[in-house]
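In order, the protein sequences belong to chains X and U.
Going by our numbering, the first residue of the first sequence is number 1, and it counts up by one from there.
Going by our numbering, the first residue of the second sequence is number 1001, and it counts up by one from there.
Here a beta-carbon is modelled for each residue, glycine too, at the ideal position from N, C-alpha and C.
Scroll down for the structure; my scribbles are underneath it.
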Amino acid sequence: MSSKTKPRVAVYKFTGCAGCQMELLRLEDELLEIVGKVDVVYFMMAQNRDELERYDLCFVEGSVSTPRELEEIKVIRSRTKTLIALGDCAITGCVPSIRNWIPQSDVERRVYKDTLPLRSFKTSGIWEYVPVDLMLPGCPPHKNMILEAIESSLLGISPDLRSHAVCVECKLRENVCILTSLGKLCMGPVTRAGCGAICPTYGRECEGCYGPMSDANPTALASEFKKLGIGADDLVRKFRKYAGTSKEFKEVAGI
Amino acid sequence: MSEKGKEPSEKKVEVCYIARVEGQGTINVEVTSSGDANAQFAVFEPIRLFEAFLVGRKYHEAHELTSRICGICPIAHQITALRAIENALKVEVTPQTRALRRLLALSGWIQSHALSLYFLTAPDYLGFDGAISMASKYGDAVKQGLRLKKLGNDLSETVGGRAVHPISAVVGGFTKAPVKEELTRIRERLKNEKDDIWRTVDLFSDFDYPEIARKTELVAISSDSEYAVNEGRLRSIGGIDSPEHDYRIHVKEREVGYSNTKSSLINGNDFLVGPIARVSLNHQKLTPDAKKAANRLGLDLPCHDPFANIKARVVELVYSLDESMRIIDMLRLDFSEQPIRVEVGTPCEGAALTEAPRGLLYHGYKLDRSGVVQQADIVPPTAHNSTSIEASLRALAPKLLKEGQDLTFGCEKLVRAYDPCISCSVHVTRVD
């Protein structure tokens, strides 16, 4: 395959922690093979190249939280065939979205004395501003999920992503349910799978870092949590963390 | 900035988005005809306001949330938050927890140093735009870098349950001890990479580094019992020697209008944190092979040159492999050990200092009687270094011009030698 016909791949970082790009770079065994099959034309964290052309595949890590990013995501969309939201920040705003419940000026004043030079607004997923072709949830999304997205794009097929709950993966690992048998406040029943149920496997409750599963029923889980004695404030904190402003969670995450 | 009537010999550099560093930063350097330089290291990384939204969250969430400050050094943020909260709540963790946290932190150093050395730094000195293009000519070096990075990540996963944003380290301990067979397999790989590490030492000895002769204060945590990683006293070459909770007495911050990162000062001056500050202050505690590596690299200690950070990273890579093996060998894991139970009930405050891969990291928290965060104060290494980066740019730029070297490339190389983590730097504390 000549380099002209290789798919052109870009990786952008918006408001986020670079953890999703780090997870992508964790494909150490596959990286050299991948870069033989695609042409990485924009990846600021990894290389000093900036080619303003069309992208076949563009990963965007991070949320939109500034006027500059709002303009940039529109430009990126117009240049990109397949736009991928890489991770929770690009989908739900992730943990920084906790601040969306507090007036922006209050939040800024808590950190900066002079807030005038700041150019920042509520933090949201990129899909709120432009159409997105694929969303890879997780904080961070597991590297195998990123690989699945790249492979299926090379093959021209749709990726096989999980939409069921963490509970399915937990059962496959033959874990004892920590919610029903230990009374731990596990977010697994409403959280999308993909991590391999690592938290319950390590003896702790799922915190919900892959965001809501499809058809999540947070109200039912919230009433289970109440039966286990959770206070109103702690219940809000549970749901107002990785995906508090999502349409699935925002009712329970509100007050 | 381009005003009329200035001398034609004036030179200006503007790098709008520095490549091969974590996050979004710019450099502005101006050298006047008289040879003086102005420099700004400005961060346009969007603010995320962690310290604001931590207020109102529970004490046991601080490490989970602050992990998300940085995807490269989540472990450093987790351990610093955990220790600050434990200091506030007067929790003393077990020797097993201390050992596992040290191993976890070192895994972060291995991963971060390998990434910085092979993928962010080496392309500058071998003449490539990145490691991907470098692989065609230096395939073995790139593969070795990938192996080291993977080893660090896998060690993080073994101890912490996940490499990026680990999950098993919690207030009071670990929810589960690592699996013995996995540690044994990792031990084998640490040994193999250690045998091979002299190729790394030789590769990074051969490069032609620029030099900055300027003297500056070097700051790190330091301990009389070990090479300080997670615990130690705040020490400096200039004579600071204080417990960690006195950090705020020494380090002051100010906001600068052109950047989203605040700058930190000691006695009104810039200072340097990171690998070269640590190696300068704590080299007696290095392993014999790490000392040997420092000699082979020609490190003359103490060293004030930020470019020496690169060599110091190699030294610490050698040290981290040695020390990780030592910890695994001495671990006698008690698998029944559970995190220590924590009591809340009185308002309290606590702070902690650790060494993130990039240098000194500070977290401080105030909690109310229910264990809810009332105030959070976080100062990452790149905020500590931001004034030093500017001072070094001012020292380097006229020299580059005099020697007829590429000003832009030279300034970028300098910033990359600090290995700044810009996401971390964006959100610092309120100044009353």
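Any C-beta of chain U under 9 Å from that of residue i
i: S3 of chain X; result: At S3 of chain X, the pLDDT of 47 sits below 50, so the modelled position is not reliable and the matter cannot be decided from this model.
i: S120 of chain X; result: yes
i: S78 of chain X; result: no
i: A85 of chain X; result: no
i: A18 of chain X; result: yes
i: D261 of chain X; result: As shown, chain X starts at 1 and ends at 255. That puts residue 261 of chain X outside it, with no answer to give.
i: V11 of chain X; result: no
i: K241 of chain X; result: yes
i: T180 of chain X; result: no
i: P140 of chain X; result: yes
i: R237 of chain X; result: yes
i: R110 of chain X; result: yes
Interface residues of chain U facing residue i [CB-CB closer than 7 Å]
i: Y202 of chain X; result: G1161, I1167, S1168, T1175, K1176
i: R99 of chain X; result: L1049, A1052, F1053
i: T15 of chain X; result: P1046, R1048
Residue i (DSSP reduced to helix, strand or coil)
i: M135 of chain X; result: strand
i: L1286 of chain U; result: coil
i: H1363 of chain U; result: strand
i: E1010 of chain U; result: coil
i: C167 of chain X; result: helix
i: S1002 of chain U; result: Caution applies to S1002 of chain U, whose pLDDT of 40 falls short of 50 and renders its modelled position unreliable; the model cannot decide the point.
i: E1030 of chain U; result: strand
i: A253 of chain X; result: helix
i: V60 of chain X; result: strand
i: L182 of chain X; result: coil
i: F14 of chain X; result: coil
i: D39 of chain X; result: strand
i: P212 of chain X; result: strand
i: I1240 of chain U; result: coil
C-alpha distance - residue i paired with residue j, whole-angstrom precision
i: L86 of chain X; j: R1278 of chain U; result: 35 Å
i: R1430 of chain U; j: D29 of chain X; result: The predicted position of R1430 of chain U is uncertain, since its pLDDT is 29 and thus under 50; a value taken from the coordinates is nonetheless stated next. Distance between the alpha carbons of R1430 of chain U and D29 of chain X: 44 Å.
i: H1304 of chain U; j: S1033 of chain U; result: 28 Å
i: S1067 of chain U; j: E1323 of chain U; result: 24 Å
i: F1128 of chain U; j: G1145 of chain U; result: 16 Å
i: A94 of chain X; j: V1170 of chain U; result: For the record, residue 94 of chain X in the displayed sequence is Cys; it is not Ala. C-alpha separation (whole angstroms): 20 Å.
i: I150 of chain X; j: K37 of chain X; result: 10 Å
i: T1387 of chain U; j: P1046 of chain U; result: 20 Å
i: V9 of chain X; j: I84 of chain X; result: 11 Å
i: C1070 of chain U; j: E1181 of chain U; result: 30 Å
i: S1280 of chain U; j: L1218 of chain U; result: 8 Å
Residue environment, residue i, which counts as buried when at least 16 other CB atoms sit within 10 Å
i: P189 of chain X; result: buried
i: T1346 of chain U; result: exposed
i: P1028 of chain U; result: The residue asked about is misnamed: residue 1028 of chain U is Asn in this sequence, not Pro. So N1028 of chain U ends up on the buried side.
i: Y1247 of chain U; result: buried
i: D1432 of chain U; result: Here the model assigns D1432 of chain U a pLDDT of 26, short of 50, so the residue's position is not dependable, and the following value carries that caveat. The residue in question, D1432 of chain U, is exposed, as its Cβ has fewer than 16 Cβ neighbours within 10 Å.
i: A232 of chain X; result: exposed
i: V168 of chain X; result: exposed
i: V176 of chain X; result: exposed
i: L259 of chain X; result: Past the edges of chain X, shown from 1 to 255, lies residue 259 of chain X, and the structure says nothing about it.
i: K1004 of chain U; result: Legend: pLDDT at K1004 of chain U = 41, less than 50; position of this residue unreliable, no value from coordinates given.
i: K1191 of chain U; result: exposed
i: G1371 of chain U; result: buried
Where residue i meets chain X, residues with beta-carbon distance less than 7 Å
i: I1085 of chain U; result: Here the premise fails: no neighbours, minimum Cβ distance about 16 Å.
i: N1153 of chain U; result: R26
i: E1064 of chain U; result: E207
i: G1298 of chain U; result: Correct list: empty, because the minimum Cβ distance to chain X is about 28 Å.
i: Y1017 of chain U; result: M44
i: P1074 of chain U; result: G19
Neighbouring residues, chain X, relative to residue i (Cβ below 9 Å)
i: C1411 of chain U; result: Neighbours of C1411 of chain U on chain X: none; closest Cβ ~13 Å, over 9 Å.
i: I1079 of chain U; result: Under the 9 Å cutoff, chain X gives no residues; its nearest Cβ is about 16 Å from I1079 of chain U.
Residue-level contact to chain X via CB, residue i, 9 Å cutoff
i: K1252 of chain U; result: no
i: K1143 of chain U; result: yes
i: I1266 of chain U; result: no
i: E1022 of chain U; result: yes
i: I1237 of chain U; result: no
i: E1061 of chain U; result: yes
i: Y1418 of chain U; result: no
i: K1180 of chain U; result: no
Contact set between residue i and chain U, taken where Cβ atoms lie within less than 9 Å
i: P96 of chain X; result: R1048, L1049, F1050, F1053, R1068
i: L32 of chain X; result: I1132, A1135, G1139, V1142, K1143, L1146
i: T66 of chain X; result: F1044, P1046, I1047
8 Å Cβ cut-off: residues of chain U touching residue i
i: I198 of chain X; result: G1161, R1162, I1167
i: C186 of chain X; result: Simply none; closest approach about 13 Å.
Within chain X, the residues that residue i reaches when beta carbons sit closer than 8 Å
i: R1057 of chain U; result: I98, R237
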